[in-house]
Structures are given as C-alpha cells and as structure tokens.
Amino acid sequence: RWSRRGGAGLRMRGGNKSSELLHNLCDGLGYREYAPIIVKKVCAENWLNRVDDLRRVPSERLERWGVPLKLVHELRETLQELEAEEAVNDFSGYINYTVRPSVQATYSFLVGSEDALKDKQPEEWAARTLQGKWRWRRSQKFLDGEAGDDAEVDPREFHRKSAREAEAIRRQRAEDKIRRMVRRWRYRRTVSLAIRHAQSSGTSGTSGSGGPRGEPPFALSGGPLVAAILRAWQRQGAALKECEVTSFLREIGAELRRDEEEMTLHVHRLVTLNWLEDLDDLRLVEEHHWTEWEIPEQLAARIKAEVAERSERDVCGGFAGLLASVGETFAALLGGGSDEDTDSDDGRGPTGDGPTG
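Quick note: the sequence shown uses the numbering used here, first residue 8, plus one each step.
Below you can see the structure in the form of structure tokens.
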C-alpha cells in the first residue's frame, strides 16, 4: 500500500519489490510512461530485484546509469523513511513481544486484572490470551522433549510424491526456467538493437543542436537509458514540458540574448532527462552536475544565484513566521490578563451593571 508524501514523494508500506517501488515513484512524479524503461535498467540489467538491493547502490552510480536526478532524490528519501519505519517496528515488536510479557508475568499486580482489561480493551485482552497460550504450549513441548525439528510439523501435511507427481513438478520447473531464459534473451536482443539504432541515428542524423519538432540531439545521451528516455519522450509528442524551470531558462536566455534553440538543449537536460520541474528542484543539482551536463558557466551561475536567493527568502520567511507566532502567543496571554485586570478595577461586577457590593 502506497501513500503520498508531500508533493510527488511516496512512501511504501509493505512489499519489497524494487520494480513496484520505482513504478510508484515514477507515477507519483508524473512520469508513468518512463517507469518500464527505468525498471529494465535498474532491475533487469543490474539484478536489483529487492528494495534492500537499492540501498547498497550509491546515488552517483544511479546517475551514471542515466536515472533522472529527481527520481534518485525521491528514491533516497523513500528508502530512508522505510529504514526508519522498520527500526520503529522492530523496537515496538521487541517491547510488545519480549519486554511486555516478562513485565506482565513478574509484576502482574501493576498491570491490572485480566477482567478489567477484558472489559476496557477486549481486543488487547484476546491478543494477550492467545500469546500466553502459545508460549505455554511451546514451553510444555520443550519440557516434554518434543522441541525437535518435527515438533511443529503435522505429518498429515506432508507425504511422499509419486513418480508421476514428481515428474510433473520437474517438468513445470524446467518450463518456467526456459521461459525466463527466453525473456532474458529477448530483452538483451531488444537493448542491443536499440543501442545500435540510437548510435546510427546519432551519427547519420541532422547536424545542429536539434532535429525536427525540437528533437534533442543524441549528444545529450549519457547511455542506453538516457537514449531510451529520449525515444519515449519522442513518442509522447516531442514537446518541451511547460514548467517553472522551462520558463526560468527561457527568461535567462532572453536576458543573455541566446538563441531559443540553444536554450532548448539545456531545458532538455534539466527537465526532460532529470525531471527538474520546480525551481526548488534545482537545489538537488550539485557542482559536479554542471560540469558533467556541460552547462555554460554563465547559465549555471545565474541558476545557482536564483537558488541561493530562494533559499535565503525561505529561511527569512520561516524565521519571521516563527517570531510572529511567538509574538501572537505572548500578546494573547498578556491581553487576556490585562482584560481581566481592567474588569476587576473599574468597580463593576461580573455582568458590568454596577458594584459588586
């Protein structure tokens, strides 16, 4: 089960498949059509099938693969939240299933009677009763010498397979293995053909900074994943996404008297390939990204100045809001006390009609 966190972030509750995590993150960020491409690169090519596998992959490596920067950031935040939630669940489980039963058994007079708990919290009473019975049953089996490997096994649930059943099981396993091998072969063949096509189109395509309908050149590609993202973008209509970053870069280009086609390249790098749509998303860009993305120094300086100015405004606004809230609190407290003093000093009663005497 997934729930939204803030803007586009998501948080997973239950489940441990990395493909499901990436699909839902892409869906939350508004890039559902790119999810299969990223899942193929991360899960199929690099065998990262579980969420725990993603925790061991550095963010720099994901970026080198071509994973959008915004997705890498959201993925890291989600993994940190999952790790914190797992720690809290482990601690709660230790308290509820280890510490609490021991304290209850030792100091039962402090916990309260079972009848009172049954009346006030019947669900908790039922859970405690079942846990106590289960622990008592396990202790009795251990004392009776039945705590071997087969102590919890019901012989009626297991039986020796016949020759026909065993052959059917082996045949099913072999067919499943062959299907997986065929799927893997088809995927590798598709990737190799896509890489060849992208390389041939990059060498024999149109010269200049862009192709038809604002198509970005293959020089923007950082690998097969980025090339696949560009092809998916072309299938979506090959149109620039209108957002804050796109408008901001166009304004900078107009101030610097740069050609719109030249600015389109940098818009593709930030918006199309890294999903940086809001101006606040530009805070995710570090110093090495400007060099790797070949962003002109003047443009990078203007963007960093805008990010710094917005950060300063946010800090000042937050501090001013804190001071205002504290001032309102003190004003309410002092104002309430002064009103009471005024009412008591003017010689009128509680209703204000005359003296109290």
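Heads up, the beta-carbon is just placed ideally off N, CA and C, and yes, glycines get one too.
Rounded straight-line distance, which links the Cα of residue j to that of residue i
i: residue 280; j: residue 23; result: 27 Å
i: residue 35; j: residue 61; result: 19 Å
i: residue 130; j: residue 41; result: 46 Å
i: residue 181; j: residue 100; result: 41 Å
i: residue 341; j: residue 326; result: 23 Å
i: residue 294; j: residue 257; result: 22 Å
i: residue 196; j: residue 314; result: 44 Å
i: residue 329; j: residue 311; result: 27 Å
i: residue 308; j: residue 316; result: 12 Å
i: residue 200; j: residue 94; result: 45 Å
i: residue 331; j: residue 52; result: 54 Å
i: residue 190; j: residue 203; result: 20 Å
i: residue 339; j: residue 321; result: 27 Å
i: residue 106; j: residue 255; result: 57 Å
i: residue 158; j: residue 43; result: The pLDDT assigned to residue 158 is 47, lower than 50, so where the model puts this residue is not dependable; a value taken from the coordinates is nonetheless given after this. Between residue 158 and residue 43, the C-alpha separation is close to 46 Å.
i: residue 173; j: residue 167; result: 9 Å
i: residue 262; j: residue 299; result: 25 Å
i: residue 269; j: residue 37; result: 26 Å
i: residue 154; j: residue 143; result: Here residue 154 scores only 48 on pLDDT, less than 50, and its place in the model is too uncertain to base an answer on.
i: residue 230; j: residue 91; result: 34 Å
i: residue 145; j: residue 104; result: 15 Å
i: residue 336; j: residue 250; result: 39 Å
i: residue 87; j: residue 267; result: 40 Å
i: residue 123; j: residue 102; result: 22 Å
Range of the contiguous alpha helix (DSSP H) that encloses residue i
i: residue 73; result: First-last for residue 73: undefined, no H or E at that position.
i: residue 366; result: Past the boundaries of the shown model lies residue 366; the chain is included only from 8 to 364, so the question cannot be answered.
i: residue 232; result: 231-242
i: residue 129; result: 129-150
i: residue 254; result: 251-262
i: residue 298; result: 294-299
i: residue 274; result: 267-274
i: residue 44; result: 42-46
Residue i and residue j closer than 8 Å at C-beta
i: residue 80; j: residue 291; result: yes
i: residue 4; j: residue 73; result: A query on residue 4 cannot be resolved here, the shown segment of the chain reaching from 8 to 364 and no further.
i: residue 77; j: residue 282; result: yes
i: residue 273; j: residue 306; result: yes
i: residue 278; j: residue 252; result: yes
i: residue 58; j: residue 89; result: yes
i: residue 248; j: residue 304; result: no
i: residue 140; j: residue 132; result: no
i: residue 108; j: residue 147; result: no
Closest Cα partner of residue i within the set the options
i: residue 239; options: 28, 45, 137; result: 45
i: residue 6; options: 85, 104, 107; result: This structure gives no information on residue 6, because the portion of the chain shown stretches from 8 to 364.
i: residue 296; options: 50, 66, 255, 268; result: 66
i: residue 55; options: 28, 128, 71, 37; result: 28
i: residue 110; options: 87, 122, 135; result: 135
i: residue 287; options: 319, 179, 267; result: 319
i: residue 50; options: 266, 83, 25, 334; result: 25
Strand pairing of residue i, partner residues [DSSP]
i: residue 24; result: 57
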